[in-house]
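Okay, so here's the structure we're looking at.
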DNA sequence: CGAAGGCTTGATATGACTCAAGGAAAGTGG
DNA sequence: CCACTTTCCTTGAGTCATATCAAGCCTTCG
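As structure tokens, then:
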């Protein structure tokens, strides 16, 4: 129905992001959410997928009695809502000013049919999600508060640098409570642990949403995994599987 | 190379499991592992996928210092090793006598190309895996020992009945230590909690690898989720997405 | 029958939680 | 620009759930 403008967009997409699922959202209008706004609720009918263009989201699940778990944080470039259930299993809430595009599942699927080159990317992204979830299970199952925090800060440091922050700056768009709910700790424990690491000269805590790393090696050591993982698990993605 | 016998197997497959990924393994020879044997190690080159035909496996990850996490249990019908990394991120170990078939990733992918009808099944299975991992994150993040155990027992009860056990019998092919490592508890806590629930007339503990449920409703209550989930989240899988 | 592995039970320790209060930022309205 | 309010964060004191340590029992199997 929009066939006449399609080629234009495809061309533009081909230039900007030749190999991302996000390209499939290029024709959708840009929407906006401010801090605290909820993009979709756990339990809502899952009709859309969302591509984040700017800003940060938290992905939450609630236990009936109010306990909350944050299962992940999302940024620019990420896609939310991929699922085969017909209701969302989690809520997505804006941490700050978020710009995103949406698309119906049906349209997404149709576009995907037209772009078989994107299929392995979807699969690989799902696999990454499984891998991340398993890492988090390890963290929650058997790491101490300090190990959890250090693991989190390292992951966040990695994200921050790849988003263009200075190499020793961790951007923390979320609050301490969000961090606590992500790490399975209380806000007090998070705060105390940060303070302790700062006291040991490993971190320096300037403004609220930023932490500077002074001794990355110490952080790695305390994360408790021989965190070389991150470097070793070369993302040979897409090498062997082409569906 | 085995082209001559293919039709035979395909026919058999069509009768037995017309719509499962496991069909793709039908031409592979049946292999066998006994309790404790390891099918593949975390860190090994990930060359194969495995379809379980009989028996049970545990899926483990180790922290460098020996702490162990079990991220899941697998049975008859399940497939292990789907991933886009070129090394396994976890080990798979036999809990009892296991019969399985293997297949190279490459062959699996090729067969999948020939069977586009199986693609959405793969996707849906990955989505289920993500969902299960998130449930586990909720469990590990904020449930008490009792809630964890009750959730686990209910899930296991569900599995057991769908495998043909009596409606009130939970089959537990794993040891208490496995359960502990799965739930992020110690073996002592698992044992104490089972004993307590038995003392309250909710369970009855006969032989080692079997628990009988006397009051399922009490179990649901103590699992701490209004566990209606299992029934509500209708698996409308495959309705809207057909890649 | 003896050994080994798996499970239970008890006593004690401890890491993280809870409760409580105060301080620092950020936003609001005059 | 400054008081005011609110939200977020930090710090301290005390408690509790679960871990740890230790011992004994029950099964299974050779």
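Protein chains in written order, with the working numbering: chain C, 13 to 255; chain H, 13 to 255.
Backbone N, C-alpha and C define an ideal beta-carbon position, used for all residues, glycine too.
Find the residues of chain C that neighbour residue 153 of chain H, judging by a C-beta separation of less than 7 Å, and give them in chain order. 81, 152, 196
Within 10 angstroms of the Cβ of residue 19 of chain C, are there 16 or more other Cβ atoms? Answer buried if so, exposed if not. In this prediction, residue 19 of chain C scores a pLDDT of 43, lower than 50, which makes its location untrustworthy; no coordinate-derived value is stated.
Starting from residue 137 of chain H, trace the alpha helix (DSSP H) in both directions and tell me its first and last residue. 131 to 154
Using only the alpha-carbon positions, how far apart do residue 72 of chain C and residue 106 of chain C sit? 11 Å
C-beta atoms of residue 112 of chain H and residue 64 of chain H nearer than 8 Å: yes
Three-state secondary structure (DSSP) at residue 125 of chain H? helix
From which residue to which residue does the beta strand (DSSP E) around residue 74 of chain H run? 68 to 74
Say whether chain C places a C-beta atom closer than 8 Å to the C-beta of residue 232 of chain H. no
Can residue 237 of chain H and residue 184 of chain H be called in contact, C-beta distance under 8 Å? no
Would you tell me roughly how many angstroms separate the C-alpha atoms of residue 108 of chain H and residue 82 of chain H, rounded to the nearest one? 16 Å
Cβ-based burial, residue 15 of chain H [other Cβ within 10 Å; buried from 16]: Its pLDDT being 44, under 50, residue 15 of chain H is placed unreliably in this model, and the coordinates cannot settle the point.
Tell me whether residue 84 of chain H sits in a helix, a strand or coil according to DSSP, three-state version. strand
Burial state of residue 122 of chain C (16 or more Cβ within 10 Å): exposed
Which residue marks the beginning of the beta strand (DSSP E) containing residue 221 of chain H, and which one marks its end? Neither: residue 221 of chain H is in no beta strand (DSSP E) and is coded neither H nor E.
Cβ pair residue 192 of chain C, residue 199 of chain C closer than 8 Å: yes
From the DSSP output, which residues share a beta bridge with residue 235 of chain C? DSSP, once it has assigned bridges, lists no residue as partnering residue 235 of chain C.
Give the residues of chain C in contact with residue 143 of chain H, contact being defined as C-beta atoms less than 8 Å apart. 95, 97, 101
Using a 10 Å radius around the Cβ and a threshold of 16 neighbouring Cβ atoms, would you call residue 31 of chain H buried or exposed? exposed
Say whether chain C places a C-beta atom closer than 8 Å to the C-beta of residue 184 of chain H. no
Okay, do the segment 152 to 161 of chain C and the segment 144 to 163 of chain H touch, 3+ Cβ pairs below 8 Å being the bar? yes
Among all the DSSP beta bridges, which residues are the ones paired with residue 183 of chain C? C:222
Exposed or buried, what is residue 48 of chain H when buried is set at 16 or more other beta-carbons lying within 10 Å of its beta-carbon? exposed
Taking 8 Å as the cut-off, decide whether the C-beta atoms of residue 104 of chain C and residue 142 of chain C are in contact. no
Judging by CA-CA distance, which residue of H:115, H:125, H:160 is the nearest neighbour of residue 34 of chain H? H:115
From residue 37 of chain H to residue 58 of chain H, what does the alpha carbon distance come to, in whole angstroms? 17 Å
Kindly indicate if chain C contains any beta-carbon less than 8 Å away from that of residue 113 of chain H. no
Taking Cβ-Cβ distances shorter than 7 Å, what residues in chain H pair up with residue 212 of chain C? None at all; the shortest Cβ gap to chain H is about 21 Å.
Within 8 Å, strictly: CB atoms of residue 214 of chain C and residue 235 of chain C: no
Based on the DSSP secondary-structure assignment, which residues constitute the bridge partners of residue 113 of chain C? C:42, C:63
Within 8 Å (strictly less), CB to CB, does residue 70 of chain H reach chain C? no
If we count the other Cβ atoms within 10 Å of its Cβ and call it buried at 16 or more, is residue 174 of chain C buried or exposed? exposed
Under a three-way DSSP split, which group does residue 32 of chain H fall into? coil
As assigned by DSSP and simplified to three states, the class of residue 37 of chain C: helix
Near residue 171 of chain C, which residues of its chain fall below 8 Å by C-beta distance, leaving aside the five closest residues on each side in sequence? 87, 183
Taking just the CA atoms, how far does residue 207 of chain C sit from residue 56 of chain H? 39 Å
Ordered along the chain, which non-local residues of its own chain (more than five positions away) have a Cβ less than 8 Å from that of residue 144 of chain C? 84
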